[in-house]
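Heads up, the thing below is written out as structure tokens.
2 protein chains.
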Amino acid sequence: MTDEAGGTGVREHSDAPARMAAARGSRNDHTRRHNLSSLITAVHYGGPLTRAQLTRDTGLNRSTIGGLVTELAELGLVVEDAAAETGAVGRPSLIVRPRDDVVALALHPDVDAIELGAVAIDGTVLARRRVSVDAPPTAHDAVAFAWEAAREIAAEIPGLRVVGAGAAVPGLVAIDGTTVVAAPHLGWHDVDLGSALADAFGLPVAVGNDANMGLRAEWSFGSARGVDTVVYLNGSASGIGGAALVGGRMLRGGRGYGGEFGHMMIRSDGERCSCGRHGCLETELNADRLDAAAHDAPAFDALASTLAAAIANLECAFDPDLVLLGGYLGALYDARRDLVTERVRELAFRPDAEDVAIARARLGGNRLLIGAAERAFAPLLEDPAGVPLVAL
Amino acid sequence: MTDEAGGTGVREHSDAPARMAAARGSRNDHTRRHNLSSLITAVHYGGPLTRAQLTRDTGLNRSTIGGLVTELAELGLVVEDAAAETGAVGRPSLIVRPRDDVVALALHPDVDAIELGAVAIDGTVLARRRVSVDAPPTAHDAVAFAWEAAREIAAEIPGLRVVGAGAAVPGLVAIDGTTVVAAPHLGWHDVDLGSALADAFGLPVAVGNDANMGLRAEWSFGSARGVDTVVYLNGSASGIGGAALVGGRMLRGGRGYGGEFGHMMIRSDGERCSCGRHGCLETELNADRLDAAAHDAPAFDALASTLAAAIANLECAFDPDLVLLGGYLGALYDARRDLVTERVRELAFRPDAEDVAIARARLGGNRLLIGAAERAFAPLLEDPAGVPLVAL
DNA sequence: TTAAAATGTTCCCGCAGAGAACATATACCC
DNA sequence: GGGTATATGTTCTCTGCGGGAACATTTTAA
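Here you go:
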């Protein structure tokens with residue numbers, strides 16, 4: 000026993016509460032909330048499902064499912080359709096589908112453009128607006144554009160009900176989900192984008208790093224759908240963004256800066272990086288170098304090997320089920336798929352010969368909007384009866 | 000929307016169940032189980048606590064706490080003592096403490112010795128047996144010794160009730176928690192230690208990597224007590240073991256091989272490592288090099304800088320609340336604390352100037368036994384009424 | 001047309017926690 | 001030493017929620 004926990008003394012002020020953050024006392028209505036959450040989550044990720052399927056998936060009783068679905072319908076979150084022709088024996092089961100007028104707003108300010116989308120609860124991007132900008136936008140620019148675009152969308156699609164807004168920002172976002180601590184390419188430092196958005200829209204807002212949002216989208220509806228442990232690397236003009244999903248949860252870190260794999264050291268004698276260190280991945284393998292090597296096979300192969308080394312390094316740290324590559328890293332992988340696979344196999348630490356699974360991201364232009372919307376939907380999925388919807 | 004989830008079709012066989020592993024339908028008795036778990040978990044980590052404290056911590060009603068504690072007492076897991084003198088106004092609250100005759104067995108086979116301990120539910124090592132060996136033991140040796148040692152301990156302390164056994168092994172352990180896939184220093188490959196132990200003892204067994212077990216112990220009762228995100232590096236004769244706690248959960252990875260930071264690339268032109276790669280941390284910074292540099296300040300400082308580089312690398316990947324160092328890495332850190340801190344600050348990616356928190360592990364010789372026991376206690380803490388205790 | 005199968009609906013039961021009312025045990029004040 | 005305030009343990013009742021049986025509904029198959 001350690002010095003601080005032994006003996007027979009009673010500790011009136013224990014650290015137990017900290018350990019019990021997820022283990023609070025549970026009341027009966029927590030059960031109800033949990034089950035409502037299970038159902039809306041199931042139709043969110045799984046699309047339209049029959050009541051019978053929900054009964055099997057959850058293990059709950061038919062009658063309970065009936066009551067829960069009725070409550071979700073009264074909350075305006077799902078609708079029940081008559082069954083399609085199934086060809087099966089027995090009374091056809093009602094189809095539960097998420098309503099397509101429940102949306103989240105998703106904002107993506109970047110160096111050359113600002114984008115806003117309205118994303119339905121099933122992941123469909125119902126509408127989007129984009130404006131190109133000559134100079135990196137300020138947070139005020141982003142909020143002003145978001146407001147205008149939202150008015151337009153509201154006029155175009157009447158009757159939308161909004162649960163909240165999410166924003167994907169190319170930079171470091173604090174753990175509070177509102178403050179952009181540093182977005183060098185935008186020139187933002189300690190900008191409280193979340194509060195600005197929340198004040199403008201009167202909605203709950205979640206701000207996050209763009210790579211995290213991208214991985215979230217790919218996990219929900221893309222190449223990493225439902226995979227438990229994923230490492231994500233995305234190459235863009237502003238460098239390499241990284242994110243990781245560990246045991247089904249986003250790696251956030253103590254301050255929210257976790258997953259910055261672009262600054263993992265990949266060559267100890269490499270060039271100096273903007274972060275002050277030497278040989279960071281995003282310095283050794285960036286868009287400029289890739290362009291320069293486009294017609295120089297050995298140089299191109301060397302870059303592919305660098306990618307493989309990064310993957311191998313991440314593989315021994317995370318042992319992921321899947322390594323997901325986006326942006327120019329996805330393109331590089333597709334162009335030298337065999338070489339990358341072979342080099343990873345050579346370098347990989349894994350004792351079983353089985354190859355590391357590598358895939359390319361595939362949601363494309365909607366990825367960040369979908370990911371930001373996912374963040375905004377999260378509270379609704381957790382407590383369907385506790386989150387108000389407001390008219391857009 | 001993606002190609003696979005759009006449209007209006009009904010998916011009878013959705014992937015929803017996979018997403019709902021932790022979101023299964025919940026019955027009322029789940030609530031009871033959860034609350035029992037909360038209480039036993041609280042006294043496990045927090046030591047003796049008053050009923051009043053438990054009431055505040057959980058938010059449950061006094062009467063509910065009374066019933067729950069009574070049930071835990073009937074299960075033989077806790078005892079209630081009369082209050083000590085508190086000096087406070089009001090009726091003194093009963094003290095709930097874990098019973099000290101509920102134990103887990105903890106086994107630690109290593110290259111030069113085998114060790115077995117009986118660890119009480121409050122983390123106290125009640126008894127331990129150790130035998131030195133000339134050659135690395137086989138799994139059979141380990142099980143045979145464990146059996147003998149357990150018989151001795153049973154004779155020494157009568158009346159012990161055992162919940163299960165845990166084993167900490169210096170090597171890679173599969174995600175199933177029973178198979179040692181590769182323990183090079185022991186010469187073990189694909190050895191099913193878990194089943195061998197379970198067959199011998201008739202108990203549930205959890206086998207794990209020694210670094211994971213060590214971090215678990217430090218998190219429960221040591222330097223990382225209750226910290227949410229921790230990166231752990233432990234230097235021993237058999238190399239550098241690594242482990243990470245992410246959001247309060249152990250980083251395991253898809254196959255159970257996560258956290259192998261000893262094979263993180265730290266010098267791209269470094270020496271060849273036993274794993275086949277070059278410049279792995281445990282090759283650049285091992286016990287031999289440390290011994291050789293003991294009386295050579297510049298060389299010693301260089302090793303400290305290597306440690307700092309490793310910490311900085313892990314810091315930008317995980318953004319941990321704490322970096323925990325054990326074994327010779329802890330000693331190295333203590334010897335060059337200022338240098339390591341300064342180099343980490345130089346290299347650190349974090350935008351806020353705040354230093355990365357670094358600490359030395361402190362549980363010492365009992366660490367692995369405590370960690371292995373923690374793993375064995377985990378099912379009991381999760382479902383106190385569902386795990387049988389057997390006489391030792 | 002009838003039987004079988006699967007699902008929706010209704011009603012009742014049991015379990016678990018909340019809360020009120022009461023009992024008990026301490027400290028503080030006079 | 002006695003009375004009061006305060007905090008906690010105990011008992012009893014109430015409510016909410018899921019399970020399950022019985023019945024109703026809707027389909028396919030014979």
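Chains as they are written, first to last, in numbering that gives the first Met the number 0: chain V, 0 to 391; chain D, 0 to 391.
Think of the CB as a built atom: it goes at the ideal place given N, C-alpha and C, for glycine as much as any other residue.
Could you name the residues of chain D that residue i contacts, counting a contact when the two beta carbons are closer than 9 Å?
| i | result |
| --- | --- |
| Arg251 of chain V | Thr228, Val245, Gly246 and Asp318 |
| Phe260 of chain V | Cys315 and Ala316 |
Residues of chain V with CB closer than 8 Å to the CB of residue i, please, in chain order.
| i | result |
| --- | --- |
| Asn27 of chain D | Asn27 and Thr30 |
Quick check on the DSSP output: the alpha helix (DSSP H) that includes residue i runs from which residue to which?
| i | result |
| --- | --- |
| Leu313 of chain V | Ala296 to Phe317 |
| Ile120 of chain D | Where Ile120 of chain D is concerned, there is no enclosing alpha helix (DSSP H), given that its DSSP letter is neither H nor E. |
| Leu289 of chain D | Ala286 to Ala291 |
| Arg150 of chain V | Ala138 to Glu155 |
| Ala79 of chain V | A quick correction: the sequence has Glu, not Ala, at residue 79 of chain V. Looking at the DSSP string, Glu79 of chain V is not in any alpha helix (DSSP H); the run it does join, the beta strand (DSSP E), is Val77 to Asp80. |
| Leu71 of chain D | Arg61 to Glu73 |
| Glu281 of chain V | Leu280 to Glu283 |
Less than 7 Å between the beta carbons of residue i and residue j, yes or no?
| i | j | result |
| --- | --- | --- |
| Pro253 of chain D | Thr228 of chain V | Before going further, note that residue 253 of chain D is Gly rather than Pro in the sequence given. Contact flag set, yes. |
| Arg98 of chain D | Pro47 of chain D | no |
| Val142 of chain V | Leu196 of chain V | yes |
| Ala334 of chain V | Ser222 of chain V | no |
| Leu115 of chain D | Ala81 of chain D | no |
| Ser219 of chain V | Glu381 of chain V | no |
| Leu328 of chain V | Ala303 of chain V | no |
| His399 of chain D | Ala173 of chain D | Shown here, chain D extends from 0 to 391; a query on residue 399 of chain D therefore has no answer. |
| His188 of chain V | Ala181 of chain V | yes |
| Ala311 of chain D | Ala347 of chain D | yes |
| Leu368 of chain V | Arg160 of chain V | no |
Would DSSP call residue i helix, strand or coil?
| i | result |
| --- | --- |
| Asp198 of chain V | helix |
| Ala20 of chain D | Low confidence applies here, because Ala20 of chain D scores a pLDDT of 38, under 50, leaving its location unreliable; read the following figure in that light. Of the three classes helix, strand and coil, the one that applies to Ala20 of chain D here is coil, per DSSP. |
| Met249 of chain D | strand |
| Tyr332 of chain V | helix |
| Ala87 of chain D | coil |
| Gly46 of chain D | coil |
| Ile265 of chain V | coil |
| Ile239 of chain V | strand |
| Arg344 of chain V | helix |
| Arg127 of chain D | strand |
| Leu388 of chain V | coil |
Check whether the Cβ of residue i lies closer than 7 Å to any Cβ atom in chain V.
| i | result |
| --- | --- |
| Cys272 of chain D | no |
| Leu346 of chain D | yes |
| Met212 of chain D | no |
Using the beta-carbon of each residue, which ones in chain V are nearer than 9 Å to residue i?
| i | result |
| --- | --- |
| Ser267 of chain D | Met264, Ile265, Arg266, Ser267, Asp268, Gly269, Gly278 and Ala308 |
Identify the contact partners of residue i in chain V, using a Cβ-Cβ distance below 7 Å as the criterion.
| i | result |
| --- | --- |
| Asn312 of chain D | Met263 and Met264 |
Mind checking which residues open and close the beta strand (DSSP E) that includes residue i?
| i | result |
| --- | --- |
| Asn365 of chain D | Segment: none, Asn365 of chain D is in no beta strand (DSSP E) and carries neither H nor E. |
| His188 of chain V | Trp187 to Val190 |
| Asp111 of chain V | Per DSSP, Asp111 of chain V belongs to no beta strand (DSSP E) and is neither H nor E. |
| Asn233 of chain V | Val229 to Ser235 |
| Ala181 of chain V | Val179 to Ala182 |
| Arg160 of chain V | Arg160 to Val168 |
| Ala205 of chain D | Val204 to Asn208 |
| Gly325 of chain D | Leu321 to Gly325 |
| Arg96 of chain D | Ile94 to Pro97 |
If you measure from the CB of residue i, is any heavy atom of the ligand MN nearer than 6 Å?
| i | result |
| --- | --- |
| Gly165 of chain D | In terms of ligand content, the structure shown is empty, and the ligand MN therefore cannot be addressed. |
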